[in-house]
Structure formats: C-alpha cells, structure tokens
Amino acid sequence: MRVDVLTLFPGMFHGPLTESILARASTFVPSDGTTADRQEEKPIQIHLHDLRQFGLGTYHQVDDSPYGGGAGMVMRPDVIVSAIETVVSEGEKSGMKKPHRVHFSPRGKTLTQENVEQCAKRDWLILLCGHYEGIDQRVIDGGWIDEEVSIGDYVLTGGELPAMVLVDAVARQIPGVLGKEESAMEESFSESLGRKKEYPHYTRPEEFRGLKVPDVLLSGHHKEIEKWRKEQVR
Ligand code: ADE
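Numbering of the sequence shown is given in the working numbering, commencing with residue 325 and proceeding in unit increments.
Next up, the structure:
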C-alpha cells in the first residue's frame, strides 16, 4: 500500500512512523525525499509532502482570510488542488492507479472499524491534513476529495493526528504487519464480535495485591476460555 500525506507539519509524523509496529511495517519517505530503508520492500510506503512547497509567492502563502469575515484563516483551494494533482501524477508515474483521497475534518463521517477495513483494501491513499479554520469548500465540492473523515466529536488543531490514527488502524489490517498469531485472532474476532476484540487481558503474577486472575483462564479449557472471552468483549 502507498500512502501520501499532505501536511503543513511533516515533522509531526516522525515519531509515530519511526517507532514501534509502524516503523517495522512502513518505508517512510520524508518530505525531503531521503529514506534510510528503501532497499527492503515493506507492506506500506508512506510519502510525506510539505504543503508549504505548493504555497504562493515569496512567502509560500497557503492560507487567506475567510470571505464573509470571521476569525482565523482558510487554506486556499489553488494551493491544495495543485498539491493533490502533483502527488497524483507522481504516484501514477510510479505505476499507482486510482487513489482514495481522504480529508480530515470534524465535519466528516466518524471513523469506524468498518471504514478502516475498507481503506485497508485500497492500494493507494492520499491523506489531506487541513489546518487553520479548514480548507476552502470548493476542494470538496469540485471532486478533489473522495471522503471526509472525523475521528470524533471534538475539534483538533489540524488533521495530522487523525491521519496518524487512520494510518495506524489501517496498518494493522495489512498482511505482514501484525504477527501471525495476532492476525489470526483479529480475523476470528473481527466480524463475529462486532469488529471488536477487547476482552480483558491478564498476565503474571497469578495474584497481584489480592486480585486474582479469573480461574477459567488458568483452567487450560480452550473452549471455556473462548466462551468466557466472548462474553467479556466490549
Ligand atoms: N480536524 C480537526 N478536528 C478533527 C477531528 N475531530 N477529526 C478529523 N479531523 C479534524
């Protein structure tokens, strides 16, 4: 899978994408084009693009004041569309077809595990992270975006954290990202349990400050354990 991220703050992605499971799963191409691990083909290639590069004039202006007045700034449609078109044509040159273009906004449809699974089936995602008061509505109305996504009913300072949330949730659906055992668990639980697999977990010690591990988990009866876990899922 290829993921292109359009953002004014590419630096925000370095920590989350260079640590932990995402680091193992993805080739990370920062906005300056350098990459340490291009040799090895990973399940996900993440390309970061600095929206400022598409800005206008000496100061690379990306935003302007809102028509109709009001506080804050709005991201310009010409800048955003030029960024999207450039990234699409770059991707097409490297053999990609038909990107799914996502814009993050509190006005979007709330992200669910079902959306995540749909996104994970795509070969190519373009993630647009808005900032300031948002982006000019004509980017949406003109058909340059396929889906507007919100990660919850609250307002963040921009789409970067939502984009990282989506990349993380999508990554764990891609074959080869999770370990064999985790993937099998994921598969057996996802649809039958309303796509969640969150039953309570326990590890050693068997008793901690007077709190005991449920007997069933120590019993070795796999059928009973599975039944118990299904009852406990939330
Ligand atoms: N941008 C600002 N707030 C957001 C949210 N809750 N979800 C997605 N994008 C956002």
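Using N, Cα and C, we set each Cβ at its ideal position, and we do this for glycine too.
Check whether residue i and residue j have beta carbons under 8 Å apart
{"i": "V494", "j": "P486", "result": "no"}
{"i": "V537", "j": "Y526", "result": "yes"}
{"i": "L380", "j": "D492", "result": "no"}
{"i": "G394", "j": "W448", "result": "no"}
{"i": "E457", "j": "G396", "result": "yes"}
{"i": "H424", "j": "D387", "result": "no"}
{"i": "L372", "j": "C453", "result": "no"}
{"i": "P367", "j": "G503", "result": "no"}
{"i": "S350", "j": "I370", "result": "yes"}
{"i": "L535", "j": "H455", "result": "no"}
{"i": "V440", "j": "Q385", "result": "no"}
Bridge partner(s) assigned by DSSP for residue i
{"i": "R425", "result": "I450"}
{"i": "I370", "result": "V327, F352"}
{"i": "F532", "result": "L535"}
{"i": "L380", "result": "Q385"}
Selected residue, minimal CA-CA separation from residue i, among the options
{"i": "I475", "options": "P401, L372, L435", "result": "L435"}
{"i": "G392", "options": "M336, G500, D460", "result": "D460"}
{"i": "A407", "options": "R376, K421, W552", "result": "R376"}
{"i": "F352", "options": "E550, L541, D328", "result": "D328"}
{"i": "G335", "options": "E484, F428, K551", "result": "E484"}
{"i": "P401", "options": "F378, S350, V463, F333", "result": "V463"}
{"i": "L480", "options": "F428, K551, I549, S418", "result": "F428"}
{"i": "D374", "options": "R553, H455, S355, Q385", "result": "S355"}
{"i": "P430", "options": "V412, R326, G482, V403", "result": "G482"}
Spatial distance of residue i from residue j (CA atoms)
{"i": "G357", "j": "H545", "result": "53 Å"}
{"i": "V426", "j": "F532", "result": "46 Å"}
{"i": "I450", "j": "M420", "result": "12 Å"}
{"i": "G432", "j": "P390", "result": "20 Å"}
{"i": "K551", "j": "T342", "result": "38 Å"}
{"i": "H338", "j": "K547", "result": "43 Å"}
{"i": "R446", "j": "I404", "result": "22 Å"}
{"i": "K417", "j": "W468", "result": "19 Å"}
{"i": "D465", "j": "E365", "result": "37 Å"}
{"i": "M509", "j": "K554", "result": "12 Å"}
{"i": "V540", "j": "I549", "result": "6 Å"}
{"i": "V557", "j": "S543", "result": "19 Å"}
{"i": "Y478", "j": "V489", "result": "15 Å"}
{"i": "V398", "j": "A444", "result": "30 Å"}
{"i": "Q363", "j": "T382", "result": "Since pLDDT at Q363 reaches only 49, below the 50 mark, its modelled position is unreliable, and the value read off the structure follows with that caveat. Using only the alpha carbons, I get a separation of about 37 Å."}
{"i": "P340", "j": "E530", "result": "34 Å"}
{"i": "E506", "j": "R528", "result": "20 Å"}
{"i": "F378", "j": "R326", "result": "21 Å"}
Closer than 8 Å to chain D by CB, residue i
{"i": "E409", "result": "This model lacks chain D altogether; it includes just one protein chain."}
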